[in-house]
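Have a look at the structure below, then the notes.
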Amino acid sequence: MTTVTDAEHDHKNITRRRFLTAATSAVGVVVGGMAVVPLIESMEPTAAALAASSTTVDLSPIEPGMQVTVPWQKKPVIIINRTPEMLASLKETMDKGILKDPLCKVPQQPPYCTNMYRSRIPEWYVGIRICNHLCCIPHYRPKKGSVAPWWLGGFHCPCHGSMYDLSCRVIQGSPAPHNMAVPEYEISTEKMSTTITHMYPKAHLC
Amino acid sequence: MSKYRYLCFLFVSMLVPTLAFGAGETVHWMTPHYTFNRTTVIAGARYFAAHCMACHSVSSLRYEYLTADLGMSKSEVMKDIMLPSGAAFKGTIDSPMPSDMAAKWLGKPPPDLSHMDRYLGSKFIYTYLLSFYWDPARPSGWNNYVFPMVAMPNILAPWGGTVGPKGQVIYPGKLSPAEYHKNVADVVAFLRYASDPSYFKRMALGPYVIGILLLFTILAYLLKTAYWLDLKKKGRHVDSRVKRS
Amino acid sequence: MSRFSVWVNQRLPLDETVKEHLTEYFAPKNFNILYYAGSLLLLMIVMQLISGFFLMAHYDPTSQGAFASVQGIMYDTNWGWLIRYMHVDGVSLIFILLYAHMFRGLLYGSHRTPRELVWIIGYVIYLLMMAEAFVGYVLPFGNLSYWAGEVITSIIHAVPIVGPSLTTLARGGPGVGTATLQRFLALHVVLFFLIILAAIVMHIVALHKVGSNNPDGIEIKKHKGADGKPLDGIPFHPYYTVKDLFGVGVFLTIFVTIIFYAPTMHGIFMERTTFLAANPMVSLPDVTPPWYLSPYYAMLRAVPNKYYGITIMITSVLLPFLLPWLDRNPVRSSRYRPVYKTMLIVAGISFITLAWVGEQPPLPKFFLIERVATALYLGFYILLPIISTIEPTRPVPERVTG
Numbered sequence: 001m002t003t004v005t006d007a008e009h010d011h012k013n014i015t016r017r018r019f020l021t022a023a024t025s026a027v028g029v030v031v032g033g034m035a036v037v038p039l040i041e042s043m044e045p046t047a048a049a050l051a052a053s054s055t056t057v058d059l060s061p062i063e064p065g066m067q068v069t070v071p072w073q074k075k076p077v078i079i080i081n082r083t084p085e086m087l088a089s090l091k092e093t094m095d096k097g098i099l100k101d102p103l104c105k106v107p108q109q110p111p112y113c114t115n116m117y118r119s120r121i122p123e124w125y126v127g128i129r130i131c132n133h134l135c136c137i138p139h140y141r142p143k144k145g146s147v148a149p150w151w152l153g154g155f156h157c158p159c160h161g162s163m164y165d166l167s168c169r170v171i172q173g174s175p176a177p178h179n180m181a182v183p184e185y186e187i188s189t190e191k192m193s194t195t196i197t198h199m200y201p202k203a204h205l206c
Numbered sequence: 207m208s209k210y211r212y213l214c215f216l217f218v219s220m221l222v223p224t225l226a227f228g229a230g231e232t233v234h235w236m237t238p239h240y241t242f243n244r245t246t247v248i249a250g251a252r253y254f255a256a257h258c259m260a261c262h263s264v265s266s267l268r269y270e271y272l273t274a275d276l277g278m279s280k281s282e283v284m285k286d287i288m289l290p291s292g293a294a295f296k297g298t299i300d301s302p303m304p305s306d307m308a309a310k311w312l313g314k315p316p317p318d319l320s321h322m323d324r325y326l327g328s329k330f331i332y333t334y335l336l337s338f339y340w341d342p343a344r345p346s347g348w349n350n351y352v353f354p355m356v357a358m359p360n361i362l363a364p365w366g367g368t369v370g371p372k373g374q375v376i377y378p379g380k381l382s383p384a385e386y387h388k389n390v391a392d393v394v395a396f397l398r399y400a401s402d403p404s405y406f407k408r409m410a411l412g413p414y415v416i417g418i419l420l421l422f423t424i425l426a427y428l429l430k431t432a433y434w435l436d437l438k439k440k441g442r443h444v445d446s447r448v449k450r451s
Numbered sequence: 452m453s454r455f456s457v458w459v460n461q462r463l464p465l466d467e468t469v470k471e472h473l474t475e476y477f478a479p480k481n482f483n484i485l486y487y488a489g490s491l492l493l494l495m496i497v498m499q500l501i502s503g504f505f506l507m508a509h510y511d512p513t514s515q516g517a518f519a520s521v522q523g524i525m526y527d528t529n530w531g532w533l534i535r536y537m538h539v540d541g542v543s544l545i546f547i548l549l550y551a552h553m554f555r556g557l558l559y560g561s562h563r564t565p566r567e568l569v570w571i572i573g574y575v576i577y578l579l580m581m582a583e584a585f586v587g588y589v590l591p592f593g594n595l596s597y598w599a600g601e602v603i604t605s606i607i608h609a610v611p612i613v614g615p616s617l618t619t620l621a622r623g624g625p626g627v628g629t630a631t632l633q634r635f636l637a638l639h640v641v642l643f644f645l646i647i648l649a650a651i652v653m654h655i656v657a658l659h660k661v662g663s664n665n666p667d668g669i670e671i672k673k674h675k676g677a678d679g680k681p682l683d684g685i686p687f688h689p690y691y692t693v694k695d696l697f698g699v700g701v702f703l704t705i706f707v708t709i710i711f712y713a714p715t716m717h718g719i720f721m722e723r724t725t726f727l728a729a730n731p732m733v734s735l736p737d738v739t740p741p742w743y744l745s746p747y748y749a750m751l752r753a754v755p756n757k758y759y760g761i762t763i764m765i766t767s768v769l770l771p772f773l774l775p776w777l778d779r780n781p782v783r784s785s786r787y788r789p790v791y792k793t794m795l796i797v798a799g800i801s802f803i804t805l806a807w808v809g810e811q812p813p814l815p816k817f818f819l820i821e822r823v824a825t826a827l828y829l830g831f832y833i834l835l836p837i838i839s840t841i842e843p844t845r846p847v848p849e850r851v852t853g
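Chains as they are written, first to last, in this note's numbering: chain Z, 1 to 206; chain R, 207 to 451; chain B, 452 to 853.
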């Protein structure tokens, strides 16, 4: 018999409905997903915000031994023009063995700053002035003996007493775990300017 | 009553420019002949950077968009488009001319051209650029059929040639009319891209979005017919809960 | 039923609501293509809410920053162009659907007793949509927005006695500026929108109380089966939900085609003057309302007298409220009323003509068209009470057809 009974026909139709319901829902979910992606991506920083995210600082007024702190992406960035004595103190702290991470093995700075100066040019230190412990802004204490008799110059955090040397390497006995973060930047001594471009992604701010 | 007069005045004053354009029935609108694709727009961007950008900004655009939307390389953009004014690659395309100085030199600052194409239309911009004539009575020495008493001088005259008020050629340009018209059409293409920067993204994405929605529509249609078979067969509804279980 | 669903349903009437409005709401089985508009309108309102939310996340309601922030959405925000085109083109599509929905109601007599309140609430939604569209129109602060804001708030000035203070209240200052943008934004996203949502709920509740009409304009409840269910009715779910799903597919395909290939619809959905920043010193070469409001604007213009003009405009906006009572014929659907059908089509064509002529510059050559179309459109309302009592009708079937 080629005649399909009502029951068989109903059964076929129900299978067909189930299949089509599943297929339509699947495509519907894809369509919905396609609509959601642009909506979420629209909330990311706009091109205007990203363009405004780099800051260029003129270095010419910063004389040797001076520092300036400039806002960059709502964070304080310190720029120090270090004197030869200050640079010598960095060696001294290493020799004394009082640093937690003297060789900067923790990637708190871009690879081009992984040296004892933690900078592209030894004299010019560019780094984020935020204590690695709990986000306070450390005091700049360049004078020898100003914090403790053995003090060679550096940063002292007013909140919980973390101490750093003049390369912002953390000194043993501080609650802060790591050296202070260094962002990605470009610097030119010819133009006497530095441009802080973006955060070094591996660095832990606080 | 005064309010009504004010309203009428408002409407009429809005009408005046239309009438002015309408009165100039002699304006023969020209359609720029170009194919709107990336190549034309890049050529237009280069031409724009060389000849127009000294005065005109397109400040809604950023240099980086020329790489993302048009497929130029960063070095091409920096070499051909960016003027040596310390502009940032991620920054907006701004003319180096300070607008207060421009106002002093030209009477009014040159307008930003970001949305000009959508505001005035490609035909207007194309015809306008080709409608300058020599008019010694004007401070700049130039006048325009489409935009009478315009402050902008015909900076493209060395290439396109100089015409008198009656259309007579005073000096021929360095380029043949065909070449020159092509360059101007390229600039119009660039301005069209500038006012509608999502164009290439839309064209690339459109077929896929429409495709998946069509697939959804077809499936929904089949689903609908599968359910509505109930009505065809029995002539009235069958309780859906029984049928579906 | 699981214990959880029993627990929920004892506290929240979920199953009851689903039954009442979906699985046991019996809709006539003979809905045609015009009946898609209602569910699509519901979809579009949700789409406007979503796209509006993401637009507002980037919008700056100040006279200095509004235009730049909207252009920032178009150029600098990821997918900002898509979201804005969705919102802007969505408005035009909503009005196309609204007009189709209302025309369908009049065509099949869906506004007639006992559905007068469905019609009145629906018409209130239409008026609120116009207000919502107008305040939204001012927000991008292009030059068109600015002058639209100026002109419409000036029209309020004509209100007797309180006009001038109302204008100041609407603007929040001597002219359209930051204060205006901020209060318009508040109206657009909070007050008007919430009232529209509430009115939509009332519209649907009122409809489900009396039941849907159909192209034949007859009551399906008159003929019930042994189970007490209307013989010509089918449960809304699943039959109309799957049918509407198909409608949604077709509609969304059209919608994205517009967004991707003609987002400004050659200046109809997005006028060219919206691409120029607001400038109080430069008036526009042509100031015409958006297409969905231009019929009323054309009627205002058609009368060479201020007070009569405004009266005609307001009358034409308010007359549809009376339609359930202006029509006196016992037959609802135009299918069985050839004269009514002709009148309705003439009124519809006049309305479209007025929309077209409202977009033209106010030149004398259009005056005749404007006046004839206005007369024909208003003539529908004036003649309806008389003609509906004397017009010949065709026999109405007992059960729905087709």
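For each residue, glycine too, the CB sits at the ideal point set by N, CA and C.
In this structure Gly127 (chain Z) is in contact with Ala181 (chain Z), their Cβ atoms being roughly 7 Å apart against a cut-off of 8 Å. The criterion of a C-beta distance shorter than 8 Å is not satisfied by Leu267 (chain R) and Ile287 (chain R). About 4 Å separates the CB atoms of Arg555 (chain B) and Leu485 (chain B); that is less than 8 Å, so the two are in contact. Pro479 (chain B) and Gly684 (chain B) do touch by the CB rule: their CB atoms are close to 6 Å apart, below 8 Å. One finds Gln522, Phe726, Leu727 in chain B with Cβ atoms closer than 8 Å to the Cβ of His321 (chain R), taken in chain order.
Here Ile121 (chain Z) is bridged, per DSSP, to Z:Trp124.
In this structure, Phe518 (chain B) places its C-beta atom within 8 Å of the C-beta atom of Ala728 (chain B). Within the model, the alpha-carbon separation for Ala52 (chain Z) versus Gln515 (chain B) is close to 19 Å. Taking a beta-carbon distance threshold of 8 Å, Thr46 (chain Z) counts as an interface residue toward chain B.
Collapsing the DSSP output to three states places His198 (chain Z) in a strand. Of the candidates R:Leu429, R:Pro304, R:Leu276, R:Leu276 places its Cα closest to the Cα of Met409 (chain R). The C-alpha of Pro686 (chain B) lies about 57 Å from the C-alpha of Thr245 (chain R). In terms of beta-carbon proximity, Thr474 (chain B) stays away from the interface with chain Z, with every pair separated by 8 Å or more. Bridge partners of Glu810 (chain B) according to DSSP: none are assigned. Residue environment: Thr766 (chain B) is assigned as exposed (fewer than 16 neighbouring CB atoms within 10 Å of its CB, all protein chains considered). With its beta carbon at least 8 Å from every one in chain R, Tyr588 (chain B) lies outside the interface. Beta-carbon to beta-carbon, Val790 (chain B) and Ile838 (chain B) are separated by about 6 Å, close enough to satisfy the 8 Å threshold. When B:Pro755, B:Gly628, B:Ser456 are compared, the shortest CA-CA separation from Asn730 (chain B) is found for B:Gly628. The alpha-carbon of Met192 (chain Z) is positioned some 10 Å away from that of Thr56 (chain Z). When the beta-carbon positions are compared, Ser263 (chain R) and Asp318 (chain R) come within less than 8 Å of each other. Under the three-state reduction of DSSP, Gln633 (chain B) is assigned to helix. The beta strand (DSSP E) runs lying completely inside the stretch 362–411 of chain R and spanning 3 residues or more are 367–369, 375–378, given in chain order. Note on geometry: alpha-carbon atoms of Leu835 (chain B) and Trp434 (chain R) lie some 39 Å from one another. Straight through space, the alpha carbons of Pro138 (chain Z) and Val68 (chain Z) are spaced by roughly 14 Å. Taking the Cα of Leu735 (chain B) as reference, the smallest distance to any Cα among B:Ile534, B:Leu595, B:Lys660, B:Phe455 is reached at B:Leu595. When CB distances to chain B are screened at a threshold of 7 Å, not a single residue of the stretch 285–299 of chain R falls below it. From the beta-carbon of Trp434 (chain R), the residues of chain B found nearer than 7 Å are Tyr690. Interface flag for Ala363 (chain R) against chain Z is unset, since no Cβ pair is found closer than 8 Å.
In this structure, the beta-carbon distance from Ala508 (chain B) to Met43 (chain Z) falls below 8 Å.
Collapsing the DSSP output to three states places Phe242 (chain R) in coil.
Runs of the beta strand (DSSP E) spanning 3 or more residues and lying entirely within the stretch 663–743 of chain B occur at 684–686, in chain order. At a cut-off of 8 Å between C-beta atoms, Leu205 (chain Z) does not count as an interface residue with respect to chain B. The contact set of Ser25 (chain Z) on chain B, defined by CB atoms closer than 8 Å, is empty, because the minimum CB distance reaches about 10 Å. Contact between Phe295 (chain R) and Tyr269 (chain R) holds: CB atoms are separated by about 5 Å, below the 8 Å threshold. For Val415 (chain R), a Cβ of chain B is located within less than 8 Å of the residue's own Cβ. When R:Pro316, R:Leu336, R:Phe406 are compared, the shortest CA-CA separation from Ala384 (chain R) is found for R:Leu336.
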